[in-house]
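Structure first, then comments.
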Amino acid sequence: MIARFSVAMLVLVGSARADVLLSDNEIAQTLAFGPWPPQATPDPSNRVSGDTKAIALGRALFDDPVLSVDGAMSCATCHDPQTAFASRQTRAMGREILARNTPALFNLRGLRWYGWGGDSDSLWAASLLPLISDVEMGHSAESLKNAVRESAHAPDYQTVFGDLLNQSPQTVLVNIAKVLAAYQETLATPRTSFDDFRDALERGDLEDAGQFPQAAQRGLQLFLGQGNCSFCHTGPSFSNNEFHDAGVPYFLSDTEVDPGRFDGLKALLTSPYTLAGDWSDDPERRGKWVSQNVRQSHADFGTFRTPSLRGVAATAPYMHDGSIADLDGVVRHYNDINLERMHADGEAILRPLELDEQQISDLVSFLETLGAIKPFK
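Spelled out as structure tokens, the structure:
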């Protein structure tokens, strides 16, 4: 009886292992994509990070067109909560059509760089720039202070920051950016079926892990191996948050280009709103080395920040210019990538993947397990 029970258990264990297609090495690589969610820690450069009243004010302002100089748009106009805080438009529409696609606003806490070109080294600085951009919200510091002072948000602003009237326009501008950042820090993608799979592997529960779809497992193997996707899409957020040439044209027209990271560094190095500057609330100026030591290089021209793949199924269209409509198109882009469009730096990383139709389908199946975000209310 005992012998038969032991044999039965071995059969069950063998069957469960057979349902997990990954090798031991692939399992070890998969564990690096978690755990999820990560532990939330306040931003030391933003004194209202994690403050519930600041978060509430930031959310209210995010939805209010008072933040645009003519009252024509709010942050949510482009970063629509109904579409994963992104936009279905190919390129963002501010006061004119912008050069880039609207990025989703999930999982932004604690990154090193922000924006497609890395114009900012903090979330509050990244939230500030659109407020004073002529082609986005169009405010000056002075007009923003007046708009907030005359709005229904003035009492809540005073609760968080004190008397608005006695503060300089620059102080009000930075404070508004910091409550917007405090709100955005709360926007995180939920756990997905991939996270359940990953955690089952970590605890050695092959039976639970075997419930993860076989097509998605094959796609994950391609993601780790032949596709080399994990070179850039690393860690729990599936992004190294650095800048790469993905073989997407950066010409906006016959006479205009988007320099990407090259211009982002120029903006960062001349900005007063960095972790090294006086507007940071961190007395230790942690992170200041980033803006103090980075330099422009020709290799940065036409490179863009690697986006997180968390919730990627909900954030179409894709790439910095919104030029690819769906995930199938993204995989096919890399499958047939045109090396002539790339810098020498990019060519060392990317090669045509040469996947067949089944492999393309499997890789898309895996990406879809990273989550389709439900609309926020």
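Per mature numbering (1 follows the signal peptide of the UniProt record, and there is no 0): the sequence shown = residues -18 to -1, 1 to 359. Every residue, glycine too, gets a C-beta built ideally from N, C-alpha and C. Since we're looking at a predicted model, the values are computed, not measured.
Q. Given that a residue counts as buried once 16 or more other Cβ atoms are within 10 Å of its Cβ, and exposed if not, what is R277?
A. Classified as exposed, R277 has fewer than 16 neighbouring CB atoms from the shown chains inside 10 Å of its CB.
Q: Return the chain-ordered ranges of every alpha helix (DSSP H) run that is complete within the segment 132 to 179 and spans a minimum of 4 residues.
A: Listed in chain order, the complete alpha helix (DSSP H) runs (minimum 4 residues) inside the segment 132 to 179 are 136 to 143, 151 to 166.
Q: Answer with buried or exposed for L13, where buried requires no fewer than 16 other C-beta atoms within 10 angstroms of its C-beta.
A: Counting Cβ neighbours within 10 Å, L13 comes out exposed, since fewer than 16 surround it.
(Q) If you follow the alpha helix (DSSP H) that V272 is in, where does it begin and where does it stop? (A) Run containing V272: 270 to 275, per the alpha helix (DSSP H) assignment.
(Q) So, under 8 angstroms CB-CB, D101 and S273 are touching, yes? Tell me the CB distance rounded to an integer number of Å. (A) Approximately 11 angstroms separates the beta-carbon atoms of D101 and S273; this is outside 8 angstroms, ruling out the contact.
Q: Starting from the C-beta of residue 382, find all residues in its chain whose C-beta is less than 6 angstroms away, skip the five residues before and the five after it, and write them out in chain order.
A: Nothing in the structure corresponds to residue 382, since the chain is present only between -18 and 359.
Q.
Within a Cβ cutoff of 6 angstroms, which residues of the same chain sit near T297, ignoring the five residues on either side of it in sequence?
A. So the qualifying residues of the chain are A66, A68, A86.
Q: Just list the alpha helix (DSSP H) runs in the segment 228 to 256, keeping only unbroken ones of 4 residues or longer that don't cross its boundaries, in chain order.
A: DSSP runs (the alpha helix (DSSP H)) wholly in the segment 228 to 256: 243 to 251.
Q | For I9, three-class secondary structure by DSSP | A | Helix, per DSSP.
Q) DSSP state of A296, grouped into three classes? A) Correct three-state label for A296: helix.
Q) Which runs of the alpha helix (DSSP H) spanning at least 4 residues fall entirely within the segment 3 to 48, listed in chain order? A) You should have 6 to 13, 34 to 44.
Q) Under three-state DSSP, which class holds A68? A) If DSSP states are grouped into helix, strand and coil, A68 belongs with the strands.
Q) Which residues share a DSSP beta bridge with S102? A) Answer is Y96, bridged to S102.
Q.
Let's test the definition: count the other Cβ atoms within 10 Å of the Cβ of R268 and tell me whether it reaches 16, buried, or not, exposed.
A. By the neighbour-count rule (16 or more Cβ atoms within 10 Å), R268 is not buried but exposed.
Q: Could you please give the first and the last residue of the uninterrupted alpha helix (DSSP H) stretch that includes F348?
A: In this chain, the alpha helix (DSSP H) harbouring F348 covers 339 to 350.
Q | Collapsed DSSP secondary structure at I319 in the structure displayed | A | Judged by DSSP in its simplified three-state form, I319 adopts coil rather than helix or strand.
Q) How would you call P299, buried or exposed, if buried means at least 16 neighbouring beta carbons within 10 angstroms? A) With 16 or more other Cβ atoms within 10 Å, it is buried.
(Q) How far does the alpha helix (DSSP H) with E189 in it extend, from its first residue to its last? (A) Start and end: 188 to 191.
**Q.** Spatial distance of H215 from R287 (CA atoms)
**A.** Approximately 11 angstroms between the Cα atoms of the pair.
Q) Since G76 is in the alpha helix (DSSP H), which residue starts that stretch and which ends it? A) Careful: G76 lies outside any alpha helix (DSSP H) and carries neither H nor E.
Q | Extent of the continuous alpha helix (DSSP H) to which K58 belongs | A | Residue identity differs from the one stated: residue 58 is Ala in this sequence, not Lys. Annotation for A58: the continuous alpha helix (DSSP H) segment containing it runs 57 to 60.
(Q) Between which residues of its own chain and I331 is the CB-CB distance below 8 angstroms, once the five residues before and five after are set aside? (A) So the list reads N210, F213, C214, H226, once near-sequence residues are dropped.
Q) Candidates A134, L204, W106: which alpha carbon is nearest L162's? A) Out of A134, L204, W106, W106 has the C-alpha closest to the C-alpha of L162.
Q) Where does I158 land, buried or exposed, given buried means 16+ other C-beta within 10 angstroms? A) Only buried fits I158, as 16 or more other CB atoms lie within 10 angstroms of its CB.
Q) Going by alpha carbons, who is nearest to L349 out of F194, V48, A81, T285? A) Nearest option by C-alpha distance: F194.
Q) Ordered along the chain, which non-local residues of its own chain (more than five positions away) have a Cβ less than 6 angstroms from that of V230? A) Correct list, in chain order: M301.
Q. When DSSP builds the beta bridges, which residues end up paired with H226?
A. For H226, which the question treats as bridged, DSSP gives the partners F286.
(Q) Could you give the first and the last residue of the continuous alpha helix (DSSP H) run that contains F205? (A) Per DSSP, F205 belongs to the alpha helix (DSSP H) from 196 to 206.
Q) Excluding sequence positions up to five away, which residues of its chain have a Cβ less than 7 angstroms from the Cβ of D318? A) Its chain contains P334 as the residues whose beta carbon lies nearer than 7 angstroms to that of D318, once the 5 sequence neighbours on both sides are disregarded; these appear in chain order.
Q | Chain-order list of residues whose beta-carbon lies under 7 angstroms from that of R292 (same chain, five-residue window excluded) | A | When the five nearest sequence neighbours on each side are left out, the beta carbons in the same chain lying within less than 7 angstroms of the beta carbon of R292 are those of F88, N89, T171, S219, F220, L352, G353, in order along the chain.
Q) When you compare each of W95, M55, F143, I9 to V117 by their alpha carbons, which one comes out closest? A) Of the candidates W95, M55, F143, I9, the one whose C-alpha sits nearest the C-alpha of V117 is M55.
Q) Would you call the segment 251 to 271 and the segment 131 to 140 in contact, with 3 or more CB pairs under 8 angstroms? A) Because the criterion of three Cβ pairs below 8 angstroms is not met, the segment 251 to 271 and the segment 131 to 140 do not touch.
Q: Quickly, what does DSSP pair I306 with across the bridge? List them, please.
A: As a beta-bridge residue in DSSP terms, I306 pairs with Y300.
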